[in-house]
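Data first, discussion second: the structure below is written as structure tokens.
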Amino acid sequence: MEGNIQLALICIGAALSIGLAGLGAGIGIGSVGQGATMGLARNPEVQPKLMVFMILGMALAESIAIYGLVISLILLYANPLLG
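If you read the sequence shown in the UniProt record's numbering, its first letter stands for residue 1, the second for the next number, and so on.
Printed below as a string of structure tokens:
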């Protein structure tokens, strides 16, 4: 019985880690896109420089989702508590 509860809590933790990381990445990418669009609308001449920073910001926000995926995979498949 104790093993089933432990497995259920591990699955909940894995789901929360990837879910919250995906939510955070989505919010981050959305705010980067919003800022880039507003900056481009105000000053179209800075488009090449703005695109570089926009892509860098989106890549950094997406790395948070990848970290959440790695944590959930570790919890599910490489957890030393499961034995």
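For every residue, glycine included, the Cβ atom is placed at its ideal position computed from N, Cα and C. Given the structure is predicted, the values throughout are model-derived calculations rather than measurements.
Between residue i and the rest of its own chain, which residues show a CB-CB distance below 8 Å, the 5 nearest in sequence each way excluded?
i	result
G39	V46, L50
Q6	L81, L82
V32	M54, G57, M58, A61
CA-CA distance, residue i and residue j?
i	j	result
I64	G22	8 Å
C11	F53	37 Å
G28	E2	39 Å
G19	L75	14 Å
A36	A8	42 Å
P48	G30	20 Å
Examine chain C for any beta-carbon lying closer than 9 Å to the beta-carbon of residue i, and answer yes or no.
i	result
Q47	Of the protein chains in the structure, only one exists, and it is not chain C.
Kindly list the residues whose CB is nearer than 7 Å to the CB of residue i, restricted to its own chain and excluding five residues on each side of it in sequence; keep chain order.
i	result
N79	I10
On the premise that residue j lies in contact with residue i, defined as a C-beta separation below 8 Å, what is that separation, rounded to the nearest angstrom?
i	j	result
S17	I71	5 Å
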